[in-house]
Structure formats: C-alpha cells, structure tokens
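*Asks:* Below is the structure I would like to discuss, written out as structure tokens.
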Amino acid sequence: MTVQNVHLREAQSEGPATDARADLASRVARVVEIAATHAAAVDAEARFPTAAIEAMREGGLLSLMVPHDLGGEGLSLSAIADVCYGLGQACSATAMIFAMHHSAAACVIRHTGASAWHRDFLRQIANAQLLLASSTTEGQNGGNVRASAAAIEGSGDSITLDRAATVISYGAEADVIVTTARRADDVPSSDQVLVTFVKGDYTLEPLSGWNALGMRGTASAGFTFKARGDRAQILPEPYEKIHALTMQPVSHLLWASVWAGIAASAVGRAQAFIRKAARQSGGALPPGAAHYTKARSTLQMLRALISSNLARFEAAADDPKALGALDFQTAITLTKVDASELAVATVLSAMRAAGLAGYRNDGEFTLGRHLRDILSAPIMINNDRILANVSTAALMGSVPSSLRGES
Numbered sequence: 001m002t003v004q005n006v007h008l009r010e011a012q013s014e015g016p017a018t019d020a021r022a023d024l025a026s027r028v029a030r031v032v033e034i035a036a037t038h039a040a041a042v043d044a045e046a047r048f049p050t051a052a053i054e055a056m057r058e059g060g061l062l063s064l065m066v067p068h069d070l071g072g073e074g075l076s077l078s079a080i081a082d083v084c085y086g087l088g089q090a091c092s093a094t095a096m097i098f099a100m101h102h103s104a105a106a107c108v109i110r111h112t113g114a115s116a117w118h119r120d121f122l123r124q125i126a127n128a129q130l131l132l133a134s135s136t137t138e139g140q141n142g143g144n145v146r147a148s149a150a151a152i153e154g155s156g157d158s159i160t161l162d163r164a165a166t167v168i169s170y171g172a173e174a175d176v177i178v179t180t181a182r183r184a185d186d187v188p189s190s191d192q193v194l195v196t197f198v199k200g201d202y203t204l205e206p207l208s209g210w211n212a213l214g215m216r217g218t219a220s221a222g223f224t225f226k227a228r229g230d231r232a233q234i235l236p237e238p239y240e241k242i243h244a245l246t247m248q249p250v251s252h253l254l255w256a257s258v259w260a261g262i263a264a265s266a267v268g269r270a271q272a273f274i275r276k277a278a279r280q281s282g283g284a285l286p287p288g289a290a291h292y293t294k295a296r297s298t299l300q301m302l303r304a305l306i307s308s309n310l311a312r313f314e315a316a317a318d319d320p321k322a323l324g325a326l327d328f329q330t331a332i333t334l335t336k337v338d339a340s341e342l343a344v345a346t347v348l349s350a351m352r353a354a355g356l357a358g359y360r361n362d363g364e365f366t367l368g369r370h371l372r373d374i375l376s377a378p379i380m381i382n383n384d385r386i387l388a389n390v391s392t393a394a395l396m397g398s399v400p401s402s403l404r405g406e407s
C-alpha cells in the first residue's frame, strides 16, 4: 500500500529538529505498515488493532503532544493531523483510535492548570505510553455530550462515579478513561466536569457489544462504568470551557483528518484501477473515469478545509476569547459537518470510478471497507444535531461568558 502525501509539518527546519522529525516519520511509517497489514482482519473480525497500537507504544506515538518538560515531544495539532491522515489511508480503526486518544490527551494538556496530579499524569503518559479513551455518551442522551446524568459523588478528597456509558470506544483496551460527569448531584446536567480515571480506579461491566457496519476495530462497546478516585483527578476547569476550547475543535479536526485519509486511499485505488483498465484497453478510459475527476476534486476541497481550520485553530490556540467567539465556534463545528459530507462524497465517487472492481469485496481495487468506514463520519456526533445546535447559537447571537475567557 502506498500512503499519499503524508508529511510532518515540523520537518521543514534544518539541523537537529529535522533529524528528530525524520526519526518521527520513520516511526509513523512503521505503524502505518503494520496497520495496513492487519486492516482487513481488524475489520472482518471487528477486533481491536492490537499490533498497530503496540507499534505506536514502541514508537512513542502516544505522547506526541505531551510537552517536552513532561517527557513528550510537544508536537503541534497539525503534526498529529498529518499522522491521522497517514493512518487513515492504512486502517480506519487504528487512525480513529489514534485521533480519539490525542483528543482526550489535548484536553488534559491544555486544561491541567496548576493541577500537580495531572502534570504527573502527563509524565506517566510519556513514560508508560498510556492509551486514553474518552467517555462522553451516556444513557439516553443520544450523543448529547453537553449533558450528563451521572454525578460525581463523595465528600472530602474521595470521589465515586457510577455511569451508564452506552459507548466507550476501545474502553476495554484503554489504560485510562477520561469521562464527563455532572459536577454534583444537585446541579443541572450541563454543569459538567472532566475526570481522569486510570485503570485500577474503575470497573467496566458490559452493556452492549459492537457489531457495526464500519469502524469495526474501534470496539465501541457500552459499559456500566464504576469508578473511585481522588478529587484531584477532576480537571480544574469546567467541561463547558474544555469542550468549546479544546475537545470540540481538536476532535473535529483530527476526525476529519482520518476521514481525509480514508478518502485519499479510495481515490488512490480508483486511480490504480483506471490506469490498469486503460492499459488493457489500448488507452481507452473506463466508463467511470469522470467520477475519478470528481473524487479528486472533493478530496482537494476536503484537505483544504482541514488545512485552513487547523491554521485558524493554531493561530488562536492560546487565546480563549478568540476560540470562544461565536464565529470560530460556528466554523469549527461546521468543519465536522462539511468534512464528513465531503469525505463520503469522495469515497462514493471513487467507487463509481472503479465500478464493479470497487464494489466487489475481493480484488485489489475493493472499496467496500472504505465506504462502510466513511459512512460513520456523518453519524459520529450526528450532523443533524450539530446543525440544530448551530442554528440555536446563531439565533441567540452569543456564547456563554465562560467561553469568552471571562470566567
């Protein structure tokens, strides 16, 4: 498998930094190779991509965003997005797990504040290459991550949480679960905190399995989540702020990068099919060739959308007022909607370009797995819910003061 146009943007400078980025590119390439080798089996058996994740641990890829002074490599979100793009071309599930891990890690990195517990936790991520999972879907909330039913309980320094987590992607395989919860049992469902529980703090009792159309290797089963820990494990800032300033923009941009990788792989297969068909027919293009042109066009639009919004996020990353502004919140939210729709359109066009060779489940040009995986994109935090929320925010014309850096 050939991975297209993958680069690490920090690799543009000269000297030691260039050597470090070249080393990182080599480590990423190793994971991409392993992920591609096992991708078909991961999908067919709906199993966690163990070999690829172990390769990530060995290559130190789970602490790429952790700051240098805490043992990580301090890479930018753009660099993480590039890795997501490369992994997305190899194995969708591996790429999405990598993206989800770094979305959770970014929340801790950017909102630790003066918490000594969380600074030590970030060192543990780097030292032990801990895999983080996120739990934000609960009970009957239908994917509304800004409402929690279960509340933090306990007094003094000890806390407990008992939560019906209807989806925890790769929860059984994770070393850490970062979860939302109501701040207390006497507050509204939107008054949330984000809590970090490490394995040993919690138990998982199966609620539901994961036999899905695509993204089968993410092992997104449901569990009754019961945890006990210290109050210090609660991140010091309210989840309302964490969600708006980090969780939403980071997850949307990294998910979109994964989807772009899947789409790029589909376009690559369509191109290979057309070239082979043309050679076999003396240069005549197959009937679906025009759909290849359309697939290339929508892929370019998708990548440009991601690139521009990554640049916008990184330019404002240390400015809560800019990140919390209504126009930014609207743009980053709609990025997820637009990216998912473009990715689906790209893969559909690629399949039409490849014709029956793409539609078949066997053969070198099969695109069945790509299509099944990409169809998850509009459903992950449902696009209809997002559009309704954006409409409400636009009509209100403002965002809460905590998102404008005023609290």
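Residues 1 to 407, numbered by my numbering, are exactly what the sequence shown covers, in order.
Positions of the beta carbon are idealized from the N, C-alpha and C atoms, including for glycine.
Remember, predicted model here, so these are calculated numbers, not experimental data.
Fully enclosed by the region 306-367, which alpha helix (DSSP H) runs are 4 residues long or longer?
*Replies:* Whole alpha helix (DSSP H) segments, 4+ residues: 320-324, 326-354, 356-359.
*Asks:* Within this structure, are the beta carbons of Ala126 and Gly74 separated by less than 7 Å?
*Replies:* The answer is no: Cβ separation not under 7 Å.
*Asks:* Is it buried or exposed, Gly156, if we count other Cβ atoms within 10 angstroms and call 16 or more buried?
*Replies:* Gly156 comes out exposed.
*Asks:* In the region 79-115, which residue ranges form an unbroken alpha helix (DSSP H) of at least 4 residues, counting only runs that do not cross its ends?
*Replies:* Taking only runs of at least 4 residues, the alpha helix (DSSP H) segments lying wholly in the region 79-115 are 92-111.
*Asks:* Can the beta-carbon of Ala81 be found less than 7 Å from the beta-carbon of Val250?
*Replies:* No, the pair does not count as a contact, with Cβ atoms beyond the cut-off.
*Asks:* Leaving out the 5 sequence neighbours to the left and right, which residues in its chain are closer than 7 Å to Tyr170 when beta-carbon positions are compared?
*Replies:* Excluding residues within five positions, the ones whose Cβ falls inside 7 Å are Phe48, Ile97, Ala133, Thr218, Ala219.
*Asks:* Spell out the partners DSSP gives Pro206 in its beta bridges.
*Replies:* Answer is Phe223.
*Asks:* Kindly list the residues whose CB is nearer than 8 Å to the CB of Glu314, restricted to its own chain and excluding five residues on each side of it in sequence; keep chain order.
*Replies:* Hits under 8 Å: Ser76, Leu77, Ser78.
*Asks:* Output needed for Leu334: all residues of its chain with C-beta closer than 7 Å, excluding positions within five of it in sequence on either side, in chain order.
*Replies:* The answer, listed in chain order, is Val390.
*Asks:* Taking His111 and Leu302 to be in contact with their CB atoms under 8 Å, please state how far apart those CB atoms are, rounded to whole angstroms.
*Replies:* Actually they do not touch by this definition, with Cβ atoms about 29 Å apart.
*Asks:* Are Ala99 and Trp255 close, meaning C-beta to C-beta below 7 Å?
*Replies:* It is a contact, given that the beta carbons lie within the stated cut-off.
*Asks:* To test your reading of the DSSP string, which unbroken alpha helix (DSSP H) runs of 4 or more residues are found completely within the region 125-156?
*Replies:* As far as the region 125-156 is concerned, it has no whole alpha helix (DSSP H) run of at least 4 residues.
*Asks:* Report all residues from its chain with a CB closer than 6 Å to the CB of Thr2; omit the five preceding and five following residues, and keep chain order.
*Replies:* Low confidence applies to Thr2: its pLDDT is 43, below 50, so where it sits in the model is not reliable, and the reading given next is rough at best. Result list for Thr2: empty, nothing under 6 Å.
*Asks:* I need the straight-line Cα distance from His68 to Ala260, nearest angstrom please.
*Replies:* Distance between the alpha carbons of His68 and Ala260: 29 Å.
*Asks:* Report the rounded CA-to-CA distance for Gln408 versus Arg296, giving the unit in angstroms.
*Replies:* This structure cannot speak to residue 408, because the chain is shown only from 1 to 407.
*Asks:* Measure the beta-carbon distance from Thr180 to Gln233 and round it to whole angstroms, keeping in mind my assumption that it falls under 8 Å.
*Replies:* Not a contact, Cβ separation roughly 13 Å.
*Asks:* Quick one: grab the DSSP three-state call for Gly229.
*Replies:* Residue state, collapsed to three classes: strand.
*Asks:* How far does the alpha helix (DSSP H) with Ile274 in it reach, from first residue to last?
*Replies:* Note, Ile274: alpha helix (DSSP H), 248-280.
*Asks:* What residue from Asn383, Ala150, His101 has the CA that sits closest to Ile332's CA?
*Replies:* Ile332 has its Cα closest to that of Asn383, out of Asn383, Ala150, His101.
*Asks:* Distance, Cα to Cα, Ala51 vs Gly209?
*Replies:* When rounded, the distance between both Cα atoms is 22 Å.
*Asks:* In three-state terms, what does DSSP make of Ile53?
*Replies:* Correct three-state label for Ile53: helix.
*Asks:* With distances taken from CA atoms, which of His118, Ile242, Ala322 is nearest Val198?
*Replies:* It is His118 whose Cα lies nearest to the Cα of Val198.
*Asks:* Measuring alpha carbon to alpha carbon, tell me which residue in Ala104, Ile109, Val66, Leu61 is nearest Leu87.
*Replies:* Leu87 has its Cα closest to that of Leu61, out of Ala104, Ile109, Val66, Leu61.
*Asks:* Going by DSSP, which residues form a beta bridge with Thr298?
*Replies:* Thr298 is not bridged to any residue.
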